[in-house]
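Following the numbering used here, the numbering of the sequence shown begins with 2 at its first residue and continues without gaps.
All C-beta atoms, glycine included, are put in the ideal place defined by N, C-alpha and C.
Keep in mind that this is a model prediction, so the values were computed, not measured.
Down below is the structure, laid out as structure tokens.
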Amino acid sequence: MMPTVRDLYDVLGVSKDATDADIKKAYRRKARELHPDQGGEEEAFKELSAAYEVLKNPQARANYDRFGDPRGPGGGMGGGDPFAGFGDLSDLLNAFFGPRAGGTSARQDASGSGRNAIVDVTVTLQEAAMGVEKEVEVTLNRTCSTCAGTGAADGSRPVTCSTCRGQGAVQRVRNGIFGQMLTQTTCPDCQGTGKTVADPCRDCRGDGRQQTTETLTIPVPVGIDDGRRVRLTGRGEAGRNGGAAGDLYVRVNVEPHDVFTRDGDDLHCELRISMLQAALGTKLDLETLHGHEEVAVPGGTQFGDVITLKRKGMPRLGMDGHQRGDLFVHCRVETPRNLDHDDRELLKAMAQRRGEHVDEQSGGRGFFGRLRDAFGG
Numbered sequence: 002m003m004p005t006v007r008d009l010y011d012v013l014g015v016s017k018d019a020t021d022a023d024i025k026k027a028y029r030r031k032a033r034e035l036h037p038d039q040g041g042e043e044e045a046f047k048e049l050s051a052a053y054e055v056l057k058n059p060q061a062r063a064n065y066d067r068f069g070d071p072r073g074p075g076g077g078m079g080g081g082d083p084f085a086g087f088g089d090l091s092d093l094l095n096a097f098f099g100p101r102a103g104g105t106s107a108r109q110d111a112s113g114s115g116r117n118a119i120v121d122v123t124v125t126l127q128e129a130a131m132g133v134e135k136e137v138e139v140t141l142n143r144t145c146s147t148c149a150g151t152g153a154a155d156g157s158r159p160v161t162c163s164t165c166r167g168q169g170a171v172q173r174v175r176n177g178i179f180g181q182m183l184t185q186t187t188c189p190d191c192q193g194t195g196k197t198v199a200d201p202c203r204d205c206r207g208d209g210r211q212q213t214t215e216t217l218t219i220p221v222p223v224g225i226d227d228g229r230r231v232r233l234t235g236r237g238e239a240g241r242n243g244g245a246a247g248d249l250y251v252r253v254n255v256e257p258h259d260v261f262t263r264d265g266d267d268l269h270c271e272l273r274i275s276m277l278q279a280a281l282g283t284k285l286d287l288e289t290l291h292g293h294e295e296v297a298v299p300g301g302t303q304f305g306d307v308i309t310l311k312r313k314g315m316p317r318l319g320m321d322g323h324q325r326g327d328l329f330v331h332c333r334v335e336t337p338r339n340l341d342h343d344d345r346e347l348l349k350a351m352a353q354r355r356g357e358h359v360d361e362q363s364g365g366r367g368f369f370g371r372l373r374d375a376f377g378g
């Protein structure tokens, strides 16, 4: 039976008084999440599409709101599920909107691609910057090696289904809005394959596929973002009855770095410098994700000043490392806490030459405490 015992508004995540624009916006948002090409479940996407097809049609929506059935009064079976009698989502769409709305035929679905699969891979920020290959153990349905995917035991073979005569579907007459309609449902005997197996393979029990655990080498591209998915075409689960394999989606998790934080293609880090280095200027060595870089600190640098190293950030995804973001170096000026007598005298002499009043014990904090505040230390 069609999995629409759920309220159609709940499927889309909108209220019953939602506008047409609200319904369209909700559908687009959820369609991006549930689409099989993005690793979503095909049945959930079909359910979403069926709900949208009803609610975007003014007449169908009005019938659903009033009678609980998009076909209007008498369209349902009376009580219970208003969509009872329809084999699946495709049947409902076929009956109400015509054959095209329901998508492919039952046989095409049964012989279609295998399911998509998702696997998680964790990499360091360094690996994301350089690109890496990761080995991951996965368990997926693969074509049965014993029967080569036929589902039949050795010496046997599938035969044409006598119920649907190899079509994978049977036709039925349904009551619709405009009277009786001819609809197509998946054959209950062959499950849409058009073939039946009298003597099934013992290893796969007639399914034609077996769960197999294997180790895959996953290429993680240069510049990958945290949470980004990489699509490996044809590496998902095996299809049925000669259908193509699904896709494997690799969801990449990038670990936080101890030194660098990421903002898109840009990187940020802190550079601790002394009060004298900030005042006089200096050149310091900074170890980045791609090697050592010289950072020129200009004289008079203040706490919080930012030095930009152009094109020293993360590589841009899809550009093979030829384009990079910037590296922003945030200066943290540190004022010395333990000064000997000579150091203090030198600093006091400098203050006097600059005409600055100093009082080491003023306010209980002293000149050097206030000096640390001035530099943010």
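query, result
"Whole-angstrom distance between D8 and N64, CA atom to CA atom", "14 angstroms"
"Member of D200, G207, E238, L268 whose CA lies at the smallest distance from the CA of E215", "E238"
"Residues near A15 by beta carbon distance below 7 angstroms, same chain, minus five either side", "It should be noted that the sequence gives Val, not Ala, for residue 15. So the list reads D23, I24, A27, once near-sequence residues are dropped."
"Cβ pair count under 8 angstroms reaching 3, the region 325-334 against the region 298-307", "yes"
"Beta-ladder partner(s) of A153, from DSSP", "P201"
"Nearest candidate by alpha-carbon position, reference T123, set A45, I225, R317, E295", "I225"
"Cα-Cα separation between G243 and A153, rounded to whole angstroms", "14 angstroms"
"Status (buried if at least 16 other CB within 10 Å, exposed otherwise) for S114", "buried"
"Nearest-angstrom Cα separation, counted from I308 out to R317", "21 angstroms"
"Rounded separation between D21 and R241 - CA only", "39 angstroms"
"Beta-ladder partner(s) of L274, from DSSP", "One detail in the question is off: residue 274 reads as Ile in this sequence, not Leu. Paired residues: V334."
"Under 8 angstroms between C-beta atoms of R252 and D343", "no"
"Distance between E271 and E288 (C-alpha atoms, nearest Å)", "12 angstroms"
"Burial state of L340 (16 or more Cβ within 10 Å)", "exposed"
"Distance between beta carbons of G193 and T187, contact taken as under 8 angstroms", "4 angstroms"
"A129 versus L35 - alpha carbon distance", "27 angstroms"
"Proximal residues to L233 (C-beta, below 6 angstroms), its chain only, five neighbours per side dropped", "L249"
"D381 in three-state terms, based on DSSP", "This structure gives no information on residue 381, because the portion of the chain shown stretches from 2 to 378."
"DSSP beta-bridge partners of Y250", "I119, R232"
"DSSP state of Q212 mapped onto helix, strand, coil", "strand"
"Three-state secondary structure assigned by DSSP to E42", "coil"
"Separation of Q168 from P71, as counted between CA atoms", "29 angstroms"
"Cα-Cα separation between S163 and T151, rounded to whole angstroms", "18 angstroms"
"Chain-order list of residues whose beta-carbon lies under 8 angstroms from that of K284 (same chain, five-residue window excluded)", "E295, V296, A297, V298"
"Beta-ladder partner(s) of T144, from DSSP", "R210"
"Cβ contact (3+ pairs, closer than 8 angstroms) linking the region 130-145 and the region 199-212", "yes"
"Sequence-distant residues of its chain with Cβ nearer than 6 angstroms to Q324 (five each side left out)", "R317"
"Start-to-end residues for the beta strand (DSSP E) that takes in R263", "262-264"
"Cβ distance (whole Å) where L310 is taken to contact D286 below 8 angstroms", "Wrong, their Cβ atoms sit about 13 angstroms apart, outside the cutoff."
"Distance, I274 Cα to G314 Cα", "21 angstroms"
"DSSP bridge partner residues for V133 (one or two, in chain order)", "V221"
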